[in-house]
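*Asks:*
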Amino acid sequence: MANHALTSEKFGANDIELMHYAYISHVHTRVLDEESTVADFTRDLLKAMGYTKRDSGTLRTHREIPMYICMERRSAITDVCLLNAGNEITLVVQEHKWHIDDTNEPEPQLVAEAIAAFAYNNFIREVVVGRPIHDQQTIYGIIMNATAPAFYKIPVSKELADAVRRGEYPDSRTKVMTHIPQGPRPSRRSNEGMLKLDNRRIFIACFEALKALVLW
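The numbers in the sequence shown follow numbering that gives the first Met the number 0, run straight up by one, and end at 215.
As structure tokens, this is what we get:
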């Protein structure tokens, strides 16, 4: 990523288009009851940061992942997801769509997407490539409120996925870890997002750290 993106709040024509101030401003302009550009922005950000370099990953937007809940076929739809070189989903991204539904709770959606990703990954391993399935796998998640991210580490077990499929409570508790990076003005975190340079540096550092965990 161009260093200028981390040293100037407003950029010139020669800077990376992704981090252009006008682009970020547009992402923050969300219209009630309309789909926003948050998914596009997140995809472009991850791509610009090297999440897809050297064929190490593939980014998809609005990917529908089939899953079974209470023995009924359903699907979880990610806003963005990352498939690694082995065609396994290692990262799911969900936008906080408060501008469409003010009762929207993105965390349950993100966890459902992680469980669906786990089941998909085991299907790929067992049926497509003939490898042993995962008994447990960590799926990483991001919730984007405009350009302000929150990061999640979601351990999904076969026990949990099977319990969801059957519509039962699992015997073991699943502990999800969360990291919500804060800038100098926590109360304005979501409103400012990456519009402010000091916030941007903090958020970008978190995305950089995450990259090593999801590309394997």
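Backbone N, C-alpha and C define an ideal beta-carbon position, used for all residues, glycine too. Here the structure is a predicted model, which is why all the values come from computation and not from measurement.
1. Is VAL79 near THR36, with beta carbons less than 8 Å apart?
2. With a CB to CB cut of under 7 Å and the five nearest residues on each side skipped, what residues in its chain are close to MET193?
3. Taking ASN120 as the reference, which of GLN136, TYR168, LEU109 has the closest Cα?
4. Whose C-alpha, out of GLU71, ARG73, ALA75, ASN86, is nearest the C-alpha of THR57?
5. Using the Cα positions of THR77 and VAL92, report the straight-line distance between them to the nearest angstrom.
6. In the DSSP assignment, what are the bridge partners of LYS219?
7. Give every residue of the same chain whose Cβ lies closer than 6 Å to the Cβ of GLU125, excluding the five residues on either side of it in the sequence, and list them in chain order.
8. Would the stretch 149-163 count as touching the stretch 104-123 if we require 3 or more Cβ pairs under 8 Å?
9. Round the Cβ separation of ALA116 and ILE142 to the nearest angstrom and send it over; I've been treating them as touching at under 8 Å.
10. Any idea what DSSP makes of SER74, helix, strand or coil?
11. Report the residue from PRO105, ALA160, ASN103, HIS95 whose alpha carbon sits nearest the alpha carbon of PHE122.
12. What does DSSP give as the partner residue(s) for LEU90 in the beta ladder?
13. Would you decide whether GLY140 is buried or exposed? Buried here means 16 or more other CB atoms lie within 10 Å of its CB.
14. Name the two residues that bound the continuous beta strand (DSSP E) containing ILE64.
15. If MET48 and ARG164 are in contact, beta carbons under 8 Å, what's the gap, nearest whole angstrom?
16. Would you mind sorting ARG188 into buried or exposed? The rule is 16 or more other CB atoms within 10 Å of its CB.
*Replies:* For this structure:
1. If you number the sequence shown from 1, residue 79 lands on position 80. If you number the sequence shown from 1, residue 36 lands on position 37. No, the pair does not count as a contact, with Cβ atoms beyond the cut-off.
2. Here residue 193 is taken as the residue at index 194 of the sequence shown, counted from 1. Closer than 7 Å at the Cβ level, and outside the excluded window around MET193, lie ILE23, THR146, ARG199, PHE202.
3. The residue given as residue 120 occupies position 121 in the sequence shown. The residue with the shortest Cα to Cα distance from ASN120 is GLN136.
4. Position 58 of the sequence shown holds residue 57. It is ASN86 whose Cα lies nearest to the Cα of THR57.
5. By 1-based counting over the sequence shown, the position of residue 77 is 78. By 1-based counting over the sequence shown, the position of residue 92 is 93. Looking at the two C-alpha atoms, the distance is approximately 6 Å.
6. The requested residue 219 does not occur in the structure, where the chain is confined to residues 0 to 215.
7. The residue you call residue 125 lines up with position 126 of the sequence shown. Around GLU125: ILE132.
8. yes
9. Taking the sequence shown and counting its residues from 1, the one referred to as residue 116 is at position 117. Taking the sequence shown and counting its residues from 1, the one referred to as residue 142 is at position 143. Actually they do not touch by this definition, with Cβ atoms about 15 Å apart.
10. Translated into the one-based positions of the sequence shown, residue 74 becomes position 75. SER74: strand per DSSP, three-state reduction.
11. Here residue 122 is taken as the residue at index 123 of the sequence shown, counted from 1. Checked all of PRO105, ALA160, ASN103, HIS95; the closest Cα to PHE122 is ALA160.
12. Sequence index remark: in the sequence shown, residue 90 carries index 91 (1-based). Answer by DSSP bridge pairing, in chain order: LEU81, TYR139.
13. By one-based count along the sequence shown, residue 140 stands at place 141. Buried, by the Cβ-count rule.
14. On the sequence shown, position 65 is the one that residue 64 refers to. Per DSSP, ILE64 belongs to the beta strand (DSSP E) from 63-68.
15. In the sequence shown, the residue the question calls residue 48 occupies position 49. In the sequence shown, the residue the question calls residue 164 occupies position 165. That belief does not hold up - the Cβ atoms of MET48 and ARG164 are roughly 35 Å apart, past 8 Å.
16. In the sequence shown, counting from the first residue as 1, residue 188 sits at position 189. Burial call: buried.
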